[in-house]
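Structure first, commentary second.
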Amino acid sequence: MSALKLGLIGLGEVAQLMHLPLLADDQRFQIAAITDVSPSLVDHVATRYSVPTRHASAEALIADPNLDAVFILTPDHLHAPLLEQAIRAKKHVFIEKPAALTAAELRPLVDLDQGNEKVVFVGYMRRFSPAFLELKHRLPPRDEIRHVRIRDLIRESQFFVDQTRNIFRPDDVPADIIASGRAETQRLLKSVMGEATPDQLRAYQVLTGLSSHSFSAMRELFGAPRKVAAARQHRGENVMVMFDYGSFTALYEAVIHDVARFDAGIEVLTFNQHFKMNYDTPYIRNLPTRLEITTSGEHSTGTEIVGPWYEDAFRVELGAFHHAVTTGEKPKTLLTDSLADLELFAEVGRHFLAQ
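For the sequence shown, my numbering begins at 895 and goes up steadily by one.
Pasting the structure below:
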């Protein structure tokens, strides 16, 4: 089978760090066309990766009849309108999470996607991590689970990126595009949160970005929670949520700070076992992940370490996208799956407003 011809919309940090180098190394894909609001960035990427076609707009790229699939890698406020165009153009779509910033944006697109013969794949790359898949395989029956802890205690990307990769940061994005993007983002956040404080709006935005990985992984492992039992935010970037699963509570914590660490993972506790898996920063490629299983008996205890794995979760994810496109098999990260996250974010947001 010939390589899938891809068009990439948005060439910023994540595209440069993850998608472009991985796609360029994979013979199943061809980077056939690109576009971005920065002309200098388009020139840089086209030269670096020998891309044959440079489109002046996202609309022109989506309409390109030579493309098999579109990658939407833009800022989040643009996801829903571009996704609608791509579905209507009958293209396969890979869209970075979140598929939209609000459930209200996404619901009509879920309806539009019904009966769609093309694949729409939402990029929750952590759910393709080998350590996560092994945890899912080893997970005890739900009625044996006593407690779940999920965490994202991180420093943001630039600290790691500046020391490991050369990112092209353009200075020719028009000021009016930047301003309108910020205004549209705030409008969408307020459509969910109302006239919330800046910290409350920022906390909801953290949910749609960083926390979406963890909420999505939690749902895959344990299903949907009965309800959000409690949630608090502080300063917009410290978030804690308690999910009621009936027979156990899942505790989620997110802290964005300037300590140079990336403490992210999932822990599951039963009466006599402790399962612990880690994620490291994705901004340094191929860092190891592992699963630790500690089992205690009456007179002994021991820990099994499964892994480490060095395979990039983004790479595994691209394989899953290719499989879905070439076989017609629906992926697990559908728009309906993403909608469940957005509905949970709104429920958590209501708890923020009640603080």
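A virtual CB, placed ideally from N, CA and C, is assigned to each residue, including glycine.
One thing to note: Ala1025 has its Cβ within 8 angstroms of the Cβ of Met1171. The shortest CA-to-CA distance from Leu1185 to any of Ser1023, Ile989 and Asp919 is the one to Ser1023. Within the DSSP secondary-structure output, Thr1143 pairs in a beta bridge with His1041 and Asp1138. At the C-beta level, Ser1194 and Asp1037 stay beyond 8 angstroms of one another. Each residue's CA atom was taken as its position, placing Val1162 and Gly1191 some 17 angstroms apart. Cβ contact annotation for Ile903 (same chain, cutoff 7 angstroms, sequence separation greater than five): Thr929, Ala952, Leu955, Val964, Phe965, Ile966, Leu967, Thr968 and Leu976, in chain order.
Contact annotation: the stretch 1093-1105 touches the stretch 1148-1158, with at least three C-beta pairs closer than 8 angstroms. Rounded to the nearest whole angstrom, the CA to CA distance from Gln924 to His1031 is 33 angstroms. Going by DSSP, Gln1094 is part of the alpha helix (DSSP H) stretching over Pro1092 to Val1100. If you look at Phe1015, you'll find it in the beta strand (DSSP E) that goes Val1014 to Gly1017. In the three-state reduction of the DSSP assignment, Lys984 falls in the coil class.
Under the criterion of beta carbons closer than 8 angstroms, Phe1165 and Phe988 do not qualify as touching, at roughly 42 angstroms. Per DSSP, Phe1054 has no beta-bridge partner at all.
Counting along the chain, Thr1197 sits inside no alpha helix (DSSP H); it lies in the beta strand (DSSP E) bounded by residues Thr1195 to Trp1203. Close CB contacts of Asp1046 within its chain, under the 7 angstroms cut and outside five residues either way in sequence, are with Leu1104, Ser1105, Ser1108, Ala1148 and Ala1158 (chain order). Taking a contact as a CB-CB distance under 8 angstroms, the pair Arg922 and Leu961 does not count as one, their CB atoms being some 15 angstroms apart.
Taking all protein chains in view, the Cβ of Ala1207 is crowded by 16 or more other Cβ atoms within 10 Å, so the residue is classified as buried. Contact between Thr1188 and Thr1197 holds, with the beta-carbon distance rounding to 5 angstroms and staying under 8 angstroms. In the three-state DSSP reduction, Ile928 falls in the strand class (E or B). Of the residues assessed, Gln1094 falls on the buried side of the cut-off, its CB having 16 or more other CB atoms within 10 angstroms. Beyond the five residues adjoining it in sequence on each side, Val1242 comes within less than 7 angstroms, by CB distance, of Leu1101, Val1122, Ala1125 and Val1135 in the same chain, given in chain order.
Asp970 sits close to Leu995, with the two beta carbons spaced by under 8 angstroms. Ranked by Cα distance from Tyr1204, the options Ile1072, Arg1179, Lys1224 and Leu1228 are led by Arg1179.
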